[in-house]
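**Student:** Residue numbers (the numbering used here), protein chains in the order written: chain A, -15 to 175; chain B, -15 to 171. Let me begin by handing over the structure; questions about it come next.
This is the structure in structure tokens:
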């Protein structure tokens, strides 16, 4: 793929995804995974999770941050500029138009019915992706990642623990685990 | 200079909103209702409703809306640019660090600790959305059976279609919007 084509693909993909991210920033993650991991093969599965962690722990909208990361990875700084543009343009255009008649839009029955239906669809899409990703964790047959997953879920969902705290704690758990396993492997080498 | 004020306000919103859209709401309110007389509280509530009904991040949606109200389309562009600028700088620096050091064993270890946590956060966001979809409110009600049957049906059709045929998720979202209009009109 030539670089011109690559820029075009980046712009069109992020534009289309951004036009469909109803219901909060996380919705763009499954859509990006489908497009850039499964269909285009530009990003690896684990890399997408790493990028999500970075997008989540940086300031600003998750959708914008994730787009910057994907664009940067595929085509450097120009790529990131293009994906930001692709992500920002749909809401900019839609809100500009709606701001002209926003009271009528807000109270329109058909718009509201479509939105209620779409919310269910978005929930289904996210649940589907979570099932796939959780399965990949379970397949590795290690107990620690499963415990981290359950622990983080309970803390975020039931105790509303700050996401930055979760990221710091889980990063530390990963570091200690690697250090411990490295040490165990070294001792195992010696007779 | 109204453009500079818009740029600066939304620059601050972009810089200090960590952790997604709802975290940004009080910041936006502080900038556009309390500090600057750009929106009334009613207009602010309206734009939050519309931000939820339209695609795109809440911060970008409100930047566009406030920009247009205060200074027309150029205002919207300036406010949006201010809002994404901090992300661009910070996220690209982090991306540089990530791709430079991710080969290191210790960085790999830290990242492998984060991955299950990221899945858990997406799961939590998904469940909150599902509760919103079937109960029409953010938290579980006391009466668990008071759910919206049509919403449950659309959700089940969606998830079964996704598991069985693995279509592009955009089709599921478009399809569920159409189903919503048809079923809520008929039933």
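Backbone N, C-alpha and C fix where the C-beta goes; we use that ideal spot for every residue, glycine too. Here the structure is a predicted model, which means the values were calculated and not measured.
Smallest Cα separation from residue 49 of chain B: which of A/82, A/88, A/106?
**Tutor:** Measuring from the Cα of residue 49 of chain B, the nearest candidate turns out to be A/82.
**Student:** What number of angstroms, rounded off, separates the C-alpha of residue 110 of chain A from the C-alpha of residue 14 of chain A?
**Tutor:** Going by the C-alpha atoms only, they are around 7 Å apart.
**Student:** By the 8 Å beta-carbon criterion, what residues does the segment 45 to 61 of chain A contribute toward chain B?
**Tutor:** Under the 8 Å Cβ criterion, the segment 45 to 61 of chain A contributes 45, 46, 47, 48, 49, 52, 53, 56, 57, 61.
**Student:** May I ask you to report which of helix, strand or coil DSSP gives residue 27 of chain A?
**Tutor:** Three-state DSSP puts residue 27 of chain A in coil, outside helix and strand.
**Student:** Does the beta-carbon of residue 51 of chain A have 16 or more other beta-carbons within 10 angstroms, so that it is buried, or is it exposed?
**Tutor:** Residue 51 of chain A is buried by the Cβ-count criterion.
**Student:** Quick check: what's the CA-CA separation for residue 101 of chain A versus residue -6 of chain B?
**Tutor:** Spanning the two alpha carbons is a distance of roughly 32 Å.
**Student:** In angstroms, rounded to a whole number, what distance separates the CA positions of residue 148 of chain B and residue 34 of chain A?
**Tutor:** So the alpha carbons of these two residues sit roughly 28 Å apart.
**Student:** If you draw a straight line from the C-alpha of residue 38 of chain A to the C-alpha of residue -4 of chain A, how long is it?
**Tutor:** So the two alpha carbons sit approximately 23 Å from each other.
**Student:** Within 8 Å, do at least three Cβ pairs link the segment 89 to 104 of chain A to the segment 20 to 32 of chain A?
**Tutor:** Short answer: they don't touch.
**Student:** Going along chain B, which residues have a C-beta under 8 Å from residue 15 of chain A?
**Tutor:** Here the neighbours are 153, 154.
**Student:** Sort A/128, A/71, A/41 by Cα distance to residue 165 of chain A and report the nearest one.
**Tutor:** Checked all of A/128, A/71, A/41; the closest Cα to residue 165 of chain A is A/128.
**Student:** Counting only C-beta atoms, is residue 161 of chain B closer than 9 Å to chain A at any point?
**Tutor:** By this cut-off, residue 161 of chain B is an interface position.
**Student:** For residue 169 of chain A and residue 125 of chain A, I'd like the C-alpha separation in whole angstroms.
**Tutor:** So the two alpha carbons sit approximately 19 Å from each other.
**Student:** Output, in chain order, the set of chain B residues within a Cβ distance shorter than 9 Å of residue 63 of chain A.
**Tutor:** By Cβ distance, chain B contributes nothing, its closest Cβ being about 10 Å from residue 63 of chain A, past 9 Å.
**Student:** With a threshold of 9 Å between beta carbons, is residue 21 of chain A in contact with chain B?
**Tutor:** So no, residue 21 of chain A is outside the interface.
**Student:** Starting from residue 15 of chain B, follow the alpha helix (DSSP H) in both directions and report where the run begins and ends.
**Tutor:** Run containing residue 15 of chain B: none; DSSP gives neither H nor E here.
**Student:** Would you mind stating whether residue 40 of chain A and residue 73 of chain B have Cβ atoms separated by less than 9 Å?
**Tutor:** Not closer than 9 Å, so no.
**Student:** Residues of chain A with a CB under 9 Å from the CB of residue 55 of chain B: which are they?
**Tutor:** Those within 9 Å of residue 55 of chain B in chain A number zero; the least Cβ separation is about 13 Å.
**Student:** Cβ closer than 8 Å: which chain A residues qualify as neighbours of residue 70 of chain B?
**Tutor:** Residues of chain A passing the Cβ test: 43, 44.
**Student:** What does residue 2 of chain A touch in chain B if you count any residue whose Cβ is under 7 Å from its own?
**Tutor:** Correct list: 39, 40.
**Student:** Since residue 168 of chain B meets chain A, which of its residues come closer than 8 Å, beta carbon to beta carbon?
**Tutor:** Neighbours of residue 168 of chain B on chain A, chain order: 97, 100, 101.
**Student:** With residue 145 of chain A as the anchor, note down where its alpha helix (DSSP H) starts and where it stops.
**Tutor:** Counting along the chain, residue 145 of chain A falls outside any alpha helix (DSSP H), and DSSP gives it neither H nor E.
**Student:** Please list the terminal residues of the continuous alpha helix (DSSP H) segment that includes residue 67 of chain A.
**Tutor:** Note, residue 67 of chain A: alpha helix (DSSP H), 46 to 82.
**Student:** Tell me the rounded alpha-carbon separation between residue 12 of chain A and residue 130 of chain B.
**Tutor:** The alpha-carbon atoms of residue 12 of chain A and residue 130 of chain B are separated by roughly 30 Å.
**Student:** Could you check which residue in B/132, B/153, B/127, B/145 has the C-alpha nearest to that of residue 167 of chain B?
**Tutor:** Answer by Cα proximity: B/132.
**Student:** With C-beta atoms as the reference, is residue 154 of chain A less than 9 Å away from residue 135 of chain B?
**Tutor:** Against a cut-off of 9 Å, the Cβ pair of residue 135 of chain B and residue 154 of chain A comes out as no contact.
**Student:** To the nearest angstrom, how far is the alpha carbon of residue 159 of chain A from that of residue 125 of chain B?
**Tutor:** Spanning the two alpha carbons is a distance of roughly 40 Å.
**Student:** Kindly indicate if chain B contains any beta-carbon less than 9 Å away from that of residue -2 of chain A.
**Tutor:** No, residue -2 of chain A lies away from the interface with chain B (no Cβ there is under 9 Å from its Cβ).
**Student:** Report yes or no: do three or more beta-carbon pairs, one from the segment 26 to 39 of chain B and one from the segment 109 to 117 of chain B, lie closer than 8 Å?
**Tutor:** No: fewer than three Cβ pairs fall under 8 Å.
**Student:** Counting contacts by CB-CB distance shorter than 9 Å, is residue 24 of chain B in contact with chain A?
**Tutor:** Chain A contact via Cβ: absent.
**Student:** May I have the straight-line CA-CA distance separating residue 139 of chain A from residue 21 of chain B, to the nearest angstrom?
**Tutor:** Going from the Cα of residue 139 of chain A to the Cα of residue 21 of chain B covers about 38 Å.
**Student:** Got a sec, what are the start and stop residues for the alpha helix (DSSP H) residue 11 of chain A sits in?
**Tutor:** It is not in any alpha helix (DSSP H) - residue 11 of chain A carries neither H nor E in the DSSP assignment.
**Student:** Where do the N-terminal and C-terminal ends of the alpha helix (DSSP H) with residue 48 of chain B fall, by residue?
**Tutor:** First-last of the alpha helix (DSSP H) with residue 48 of chain B: 42 to 85.
**Student:** Could you please give the first and the last residue of the uninterrupted alpha helix (DSSP H) stretch that includes residue -2 of chain A?
**Tutor:** Note, residue -2 of chain A: alpha helix (DSSP H), -13 to 2.
**Student:** DSSP has residue 43 of chain A in a bridge; who is on the other side?
**Tutor:** Per DSSP, B/2.
**Student:** Using only the alpha-carbon positions, how far apart do residue 162 of chain B and residue 139 of chain B sit?
**Tutor:** Distance between the alpha carbons of residue 162 of chain B and residue 139 of chain B is about 13 Å.
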